[in-house]
Amino acid sequence: MPKYAILVLPAANRVYTDNSVRLMRAELAVFGTSVLESDVHQPAEESIAGVDYLTFHTEKLSDRDISFISNLSSMYALFEITDGLFRPIEIDRLDRFDSDLLTIQKYPGKTNELFTKLLLNVTALGSAEPDALLDRPLRVLDPLCGRGTTLNQAMMYGFDACGVETASKDFDEYERFIRTWLKNKRVKHRADSGQVRKHKAKVGRRLNIEYGVDREQYKAGNTRELSYVNADTLACTEFFRPRSFDLIVTDAPYGVAHGSRRGATGTPSRRPLDLLTDAIPAWLRLLRPGGAIGISWNTYVLRKDDLIALLGDAGLEIAHGEYEFAHRVDQAITRDLVVARKPG
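Quick look at the structure:
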């Protein structure tokens, strides 16, 4: 049985680098049980000539298997090991744009872009149509999108990307960034931004961008959507059609900015469980049957069992529950993820 080795993509964040092989091992296992044609055997973190690799055994990889594996979050290069020699295998990423779409933004609290890719991948593989990751453009919603890390990764894959964020500063910063990036990269697009009103009252702001992954597709009318709404996530159903998203992918914050309003005073609660309890029913109205939701969060402020119970009470089926994705971010944050599928 052939043996393969994955060279890990170097990361600027040293703490994440220390966890990247272990996380990709779990991610590879999800690919193996969801979409790969052959079973993955003996996945292991292995140091070869002083360099860390993720190695595994399987039947000879098909072209489609290689296309899936090429999109592992920390994939840098893929080799087949034969008689101690490394034969490079050409990888086939979904990436439609330059990597600086993901890396150029720097700000405190930014979710690691490699982890964001991992979360998007395992959420897509947790849906009723895991093969759709390669086969068609998916519609992705991040209902707590901050400055758009998830939106950018979805855009990188050529997916439709939509987000909701209550912080006006994040909306302004993202609009400034993405307009500049599209202009500098000469990506053909149309953009408009402004206030959203209902019954003469302002309910938020919205940035809509229609773009082509290349000039030919843009001219042919084969365009993708990028939409960012500056409003309360609990009001997301006012801005998007029911059952219009394949995936919901978000990194749950734990500060007061996204706090759920609780009690007679209407003051924000800092408890992420309160926010998710109030928000998940609204989010799920936007998710198609068979679609999946992936949530990452800080385990110090929310127990995994409580989040799983919340998703189960909402009628969702937990996916990939047997795999371990918890990892340290800093002394105050240990991050984990959960994926759940909407029946249908």
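Numbering (the working numbering), first residue to last: 1 to 344. Quick reminder that beta carbons are idealized off the backbone N, C-alpha and C, glycines included.
Pairwise C-alpha distance: residue j and residue i
{"i": "N13", "j": "T299", "result": "20 Å"}
{"i": "S73", "j": "F159", "result": "16 Å"}
{"i": "R190", "j": "D214", "result": "14 Å"}
{"i": "K219", "j": "K188", "result": "9 Å"}
{"i": "I209", "j": "E129", "result": "27 Å"}
{"i": "L247", "j": "G321", "result": "18 Å"}
{"i": "L101", "j": "K198", "result": "33 Å"}
{"i": "R205", "j": "D172", "result": "10 Å"}
{"i": "A29", "j": "N184", "result": "38 Å"}
{"i": "L202", "j": "T233", "result": "The sequence as given places Lys at residue 202; Leu does not occur at that position. If you take the alpha carbons of K202 and T233, they lie about 15 Å apart."}
{"i": "G371", "j": "A314", "result": "Only positions 1 to 344 of the chain appear in the structure, and residue 371 is not among them; the question remains open."}
{"i": "P281", "j": "D65", "result": "36 Å"}
{"i": "A319", "j": "Q217", "result": "35 Å"}
{"i": "L151", "j": "T55", "result": "31 Å"}
{"i": "A77", "j": "N19", "result": "18 Å"}
{"i": "F115", "j": "I91", "result": "20 Å"}
{"i": "F68", "j": "L94", "result": "9 Å"}
{"i": "T180", "j": "P10", "result": "27 Å"}
{"i": "V350", "j": "A326", "result": "With the chain covering only 1 through 344, there is no way to say anything about residue 350."}
{"i": "A15", "j": "T334", "result": "The amino acid at residue 15 is misidentified as Ala; the sequence shows Val. Distance between the alpha carbons of V15 and T334 is about 11 Å."}
{"i": "T223", "j": "P137", "result": "10 Å"}
{"i": "W283", "j": "M24", "result": "28 Å"}
{"i": "S168", "j": "R341", "result": "31 Å"}
{"i": "D336", "j": "A252", "result": "11 Å"}
{"i": "I178", "j": "R186", "result": "12 Å"}
{"i": "A279", "j": "V249", "result": "13 Å"}
Helix, strand or coil at residue i [DSSP, three-state]
{"i": "N152", "result": "helix"}
{"i": "N208", "result": "strand"}
{"i": "N298", "result": "strand"}
{"i": "M1", "result": "coil"}
{"i": "L286", "result": "coil"}
{"i": "R241", "result": "coil"}
{"i": "V51", "result": "strand"}
{"i": "P272", "result": "helix"}
{"i": "C162", "result": "strand"}
{"i": "R328", "result": "strand"}
{"i": "N230", "result": "strand"}
{"i": "T17", "result": "helix"}
{"i": "E225", "result": "strand"}
{"i": "A124", "result": "helix"}
{"i": "P253", "result": "coil"}
{"i": "E45", "result": "strand"}
{"i": "K410", "result": "Missing from the structure shown is residue 410; the chain here goes from 1 to 344 and no further."}
{"i": "G32", "result": "helix"}
{"i": "K202", "result": "strand"}
{"i": "G291", "result": "strand"}
{"i": "L72", "result": "coil"}
{"i": "K188", "result": "coil"}
{"i": "G146", "result": "coil"}
{"i": "P281", "result": "helix"}
{"i": "E37", "result": "coil"}
{"i": "G109", "result": "coil"}
{"i": "S67", "result": "helix"}
{"i": "G179", "result": "Here the sequence assigns Arg to residue 179, which means Gly is not the residue at that position. Helix, per DSSP."}
{"i": "A235", "result": "helix"}
{"i": "T265", "result": "Note that T265 has pLDDT 44, beneath the 50 cutoff, so the model's placement of it is unreliable and the number below is only indicative. Three-state result, T265: coil."}
Contacting residues, own chain, Cβ-Cβ under 6 Å from residue i (five flanking each side not counted)
{"i": "R397", "result": "A question about residue 397 goes unanswered here, because the residues of the chain that appear run from 1 up to 344."}
{"i": "S70", "result": "I91, D92 and R93"}
{"i": "D170", "result": "G146 and R147"}
{"i": "L302", "result": "P272 and L273"}
8 Å CB neighbourhood of residue i in its chain, flanking five on each side removed
{"i": "R285", "result": "T237, P242 and R243"}
{"i": "S193", "result": "E175, R205, R206, L207 and N208"}
{"i": "V196", "result": "K202, V203, G204, R205, R206, V229, A231 and F239"}
{"i": "F97", "result": "M155, M156, K185, V187 and V213"}
Close beta carbons around residue i, own chain, < 7 Å, minus the five adjacent residues each side
{"i": "D52", "result": "V8, V21 and E45"}
{"i": "A154", "result": "L120, V140 and A161"}
{"i": "D39", "result": "G32 and T58"}
{"i": "E27", "result": "L72, S73, L118, N121 and V122"}
{"i": "Y323", "result": "A26, A29 and V30"}
{"i": "T149", "result": "K110, T111, E113 and T116"}
DSSP bridge partner residues for residue i (one or two, in chain order)
{"i": "T334", "result": "R328"}
{"i": "S193", "result": "L207"}
{"i": "F56", "result": "Y4"}
{"i": "D100", "result": "Bridge partners of D100: none, in fact."}
{"i": "F79", "result": "A5 and P88"}
{"i": "L141", "result": "C162 and I248"}
{"i": "I318", "result": "A340"}
{"i": "A26", "result": "Partner(s): none; A26 has no beta bridge."}
Any non-hydrogen atom of the ligand ZN within 7 Å of residue i CB
{"i": "C236", "result": "The ligand content of the structure shown is nil, which means the ligand ZN is not present either."}
Exercise. Are at least three pairs of beta-carbons, each pair with one atom in the segment 100-107 and one in the segment 21-37, less than 8 Å apart?
Worked result: Three or more Cβ pairs closer than 8 Å define a contact, and the segment 100-107 falls short of that threshold against the segment 21-37.
Exercise. For the segment 71-83 against the segment 2-20, are there 3 or more C-beta pairs whose distance is under 8 Å?
Worked result: Output reads yes: the segment 2-20 touches the segment 71-83.
Problem set entry | Sufficient close CB pairs (3 or more, under 8 Å) joining the segment 84-100 to the segment 304-317 | Touching, no, given that fewer than three Cβ pairs across the two stretches are closer than 8 Å.
For this session: Pair every Cβ in the segment 112-125 with every Cβ in the segment 290-298, then say whether three or more of these pairs are closer than 8 Å.
Result: In this structure the segment 112-125 touches the segment 290-298; the number of beta carbon pairs closer than 8 Å is three or more.
Exercise. Are at least three pairs of beta-carbons, each pair with one atom in the segment 223-237 and one in the segment 160-178, less than 8 Å apart?
Worked result: Under the three-pair Cβ rule at 8 Å, the segment 223-237 counts as touching the segment 160-178.
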